[in-house]
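Before any comments, here is the structure.
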Amino acid sequence: MLQIIKIEAFKYIKNPFGIIFGFGFPIMWTLIFGFVWGKETYFNQTTGQNTLLMNILFPPLSIMAILSFSVSSVSITMCSNRIEKRNKLISLARVTKYQYILSLAFTYFLLYFFVFLICIIIAISAFNLATSALW
Numbered sequence: 002m003l004q005i006i007k008i009e010a011f012k013y014i015k016n017p018f019g020i021i022f023g024f025g026f027p028i029m030w031t032l033i034f035g036f037v038w039g040k041e042t043y044f045n046q047t048t049g050q051n052t053l054l055m056n057i058l059f060p061p062l063s064i065m066a067i068l069s070f071s072v073s074s075v076s077i078t079m080c081s082n083r084i085e086k087r088n089k090l091i092s093l094a095r096v097t098k099y100q101y102i103l104s105l106a107f108t109y110f111l112l113y114f115f116v117f118l119i120c121i122i123i124a125i126s127a128f129n130l131a132t133s134a135l136w
């Protein structure tokens, strides 16, 4: 199972479109939203305080990265492995179907988590993202 995780991570990083869309877009959108609306505030009527707009914009950014990076990539990878006849090579490794699917999901979760850490570090350090529910 560890070999499949290494192979899939290497295969993903080797693909230039994976780097551009998987790593570049979430980081780029964090920077764009931060530079455009990061320092803006709005009056929150429930708490009676001014709140940074970046605190509202960052959760949808991370959900967009989850949906585009980890959830959809498992089925796309399974289909591309079948088209490119990699399933025969994987079947020689004596890995069950569930281990194969779990290793794909784990691989894309690790890649997403790496991008999420970069985005949250950028948002906290550059745009004063509040990390608690009490803004």
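Position 68 of the sequence shown, counted from 1, bears residue number 69 in our numbering, the numbering being contiguous throughout. C-beta: ideal position from N, C-alpha, C; glycine also.
For residue i: DSSP bridge partner residues
i   : result
Q50 : N45
DSSP state of residue i mapped onto helix, strand, coil
i    : result
L130 : coil
A94  : coil
G25  : helix
K7   : helix
R87  : coil
M2   : coil
N82  : helix
Rounded C-alpha distance that separates residue i from residue j
i    : j    : result
L130 : I102 : 35 Å
E9   : T108 : 7 Å
L54  : G39  : 6 Å
Cβ neighbour criterion (16 or more within 10 Å) applied to residue i
i    : result
N56  : buried
Y13  : buried
S76  : exposed
L93  : exposed
V116 : buried
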